[in-house]
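163 is the number that the UniProt record's numbering gives to position 163 of the sequence shown; each next residue is one higher, with no gaps.
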Amino acid sequence: MKLTDIQSDALGELGNIGAAHAATTLSQMLMTQIDMDVPKISIIDIAECYRCIGEERAALVAFGIKGEVKGEGFIVLYMPQTSAIRLTNTMLGMTDMNREMNEMDQSAIIEIGNIMVSAFLDATAELLGIVMLPSPPSLCMDMAHAGIEAVIAEVAVKTNDVVIFKTNLTSDQYSIDGALLMFPDPDLISEILGLLDALTAQTPV
């Protein structure tokens, strides 16, 4: 799968809009500034998925994409376990960093993921003029590359390549690092590109 420069830029802007809304939502929840970088779009072989993520133990909240679109895919909120615990400590009024994540932590991370991913999909769907909804979330606590491999295996049935959107989210005040990753299958990426092409054609030069 190859993207033209125009397609790559359009997808980057789409991811940027969605991630900005998600970051704003998290900023409001924590009452602090959440910074984000420009989304990186990569097309990689499934066998090389480890290149897009770290090796540490992490919390991954995965959502299927459904709605008025062809194809399918996933959006994943990825957060190293230390950042996840620091985030839930902030929300739950706790301070102990040397602990395992309990059920309250897991519920909080799922809720954070649900709110952020809904904001991401609402913003991108509004731009494209369609409905895109997240499925019920699935939480995985594992080594990051193992969790991502499981997600990619779900969307890579038709191809050896996968398109990955990655946006890093950071908070200096709480030392939180995380990322939003979007894994569309070939049908979904074609649908999105078609809508973006139509949108670009309507935009005055």
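Ideal Cβ positions, reconstructed from N, Cα and C, are used throughout, including at glycine.
Since the structure is predicted, the reported quantities are computational estimates derived from the model, not experimental observations.
Per DSSP, cross-strand counterpart(s) of Thr-40: As a working note, residue 40 is residue 40 in the sequence shown. One point to set straight first is that residue 40 is Lys, not Thr, in the sequence displayed. Lys-40 is bridged by DSSP to Lys-166.
Exposure label - Ile-43; buried when at least 16 CB within 10 Å: Counting from one through the sequence shown, the residue named residue 43 turns up at place 43. Around the C-beta of Ile-43, fewer than 16 other C-beta atoms lie within 10 Å, and the residue is accordingly described as exposed.
Run of the alpha helix (DSSP H) containing Ile-85, from where it starts to where it stops: Looking up residue 85 in the sequence shown gives position 85. First-last of the alpha helix (DSSP H) with Ile-85: 81-92.
Candidates Leu-127, Thr-124, Leu-26, Leu-77, of which the one nearest Leu-139 by Cα: To locate residue 139, count along the sequence shown from 1; it is residue 139. Looking only at Leu-127, Thr-124, Leu-26, Leu-77, the smallest Cα-Cα distance to Leu-139 is reached by Leu-77.
Contact check, Leu-196 vs Ile-130, beta carbons under 9 angstroms: Position 196 of the sequence shown, counted from the start, is the residue given in the question as residue 196. Position 130 of the sequence shown, counted from the start, is the residue given in the question as residue 130. In this structure, the beta-carbon distance from Leu-196 to Ile-130 does not fall below 9 angstroms.
Residue closest to Val-151, alpha-carbon to alpha-carbon, out of Asp-177, Asp-96, Pro-184: Here residue 151 refers to the residue found at position 151 of the sequence shown. If we check each option's Cα against that of Val-151, Pro-184 comes out closest.
Separation of Arg-51 from Pro-80, as counted between CA atoms: In the sequence shown, residue 80 corresponds to position 80, counting from 1. In the sequence shown, residue 51 corresponds to position 51, counting from 1. Rounded to the nearest whole angstrom, the C-alpha separation of Pro-80 and Arg-51 is 16 angstroms.
Residues of its chain near Val-205, where Cβ-Cβ distance is below 7 angstroms and the 5 sequence neighbours each way are ignored: Residue 205 sits at position 205 when you count from the first residue of the sequence shown. Its pLDDT being 45, under 50, Val-205 is placed unreliably in this model, and the coordinates cannot settle the point.
Whole-angstrom distance between Asp-122 and Asn-102, CA atom to CA atom: Start at 1 with the first residue of the sequence shown, and residue 102 comes out as number 102. Start at 1 with the first residue of the sequence shown, and residue 122 comes out as number 122. Asp-122 has its alpha-carbon roughly 30 angstroms from the corresponding atom of Asn-102.
Segment limits, alpha helix (DSSP H) that includes Met-29: Translated into positions along the sequence shown, residue 29 becomes position 29. Element bounds for Met-29: 5-30.
Ser-175 (DSSP reduced to helix, strand or coil): Here the question's residue 175 lines up with position 175 in the sequence shown. Reduced to three states, the DSSP call for Ser-175 is coil.
Beta-carbon proximity check, Ala-59 vs Ala-84, cutoff 9 angstroms: Here residue 59 refers to the residue found at position 59 of the sequence shown. Here residue 84 refers to the residue found at position 84 of the sequence shown. In this structure, Ala-59 sits near Ala-84, with a CB-CB distance shorter than 9 angstroms.
Spatial distance of Ala-198 from Thr-170 (CA atoms): Position 198 of the sequence shown, counted from the start, is the residue given in the question as residue 198. Position 170 of the sequence shown, counted from the start, is the residue given in the question as residue 170. Distance between the alpha carbons of Ala-198 and Thr-170 is about 34 angstroms.
Limits of the alpha helix (DSSP H) - the one that Val-155 falls within: Position 155 of the sequence shown, counted from the start, is the residue given in the question as residue 155. 144-155 is the span of the alpha helix (DSSP H), which, as asked, contains Val-155.
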